[in-house]
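Below: the structure, in structure tokens.
Numbering (the numbering used here), first residue to last: 288 to 417.
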């Protein structure tokens, strides 16, 4: 009797990761807003609740962005036999992915930097004008 070779299987399937990422998105959005409110509770600023919600909401937008980028990545590396397109095997897709994700990272970093500076000014102004 001859034994069949064990087929190699994925440790984590795309579907399992997709389900995990959706759950992370929901938990991340809710957790970010709750975290912003908990942060606000420790502050002395007169507009601390508005600043807490705004900060939490800004952080919360990262989770849908992450999920959207994941779906975009899957579309970019898709296999479309009708059009003879296999995105994972194309250098232009790889270079495009690097450029797109680097650009998104720069934009998110710039927004975070600007918001952090603005928030710092708000908090120092609140300390001076109680």
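Even glycine gets a Cβ: it sits at the ideal position worked out from N, Cα and C. Source: prediction; values computed, not measured.
What residue range does the alpha helix (DSSP H) around residue i cover?
i: residue 342; result: 335-347
Here's the rule: buried if 16 or more other CB atoms are within 10 angstroms of the residue's CB, otherwise exposed. What is residue i?
i: residue 343; result: buried
i: residue 361; result: exposed
i: residue 332; result: buried
i: residue 315; result: buried
Report the partner residues of residue i according to the DSSP bridge assignment.
i: residue 366; result: 373
Just confirm the distance between the C-beta atoms of residue i and residue j, as a whole number of angstroms; I'd bet it's less than 8 Å.
i: residue 338; j: residue 327; result: 6 Å
i: residue 323; j: residue 299; result: Not quite, the Cβ-Cβ distance comes to about 31 Å (not below 8 Å), so this is no contact.
i: residue 364; j: residue 375; result: 4 Å
i: residue 381; j: residue 350; result: Actually they are not in contact, since the Cβ atoms of residue 381 and residue 350 sit about 26 Å apart, beyond 8 Å.
Could you tell me whether any non-hydrogen atom of the ligand GDP is closer than 6 Å to the CB of residue i?
i: residue 301; result: With respect to the ligand GDP, the structure shown offers nothing to examine, as it has no ligands at all.
| task | Kindly provide the ranges of any alpha helix (DSSP H) runs that are 4 or more residues long and lie completely inside the region 290-337, ordered along the chain. | result | 301-328
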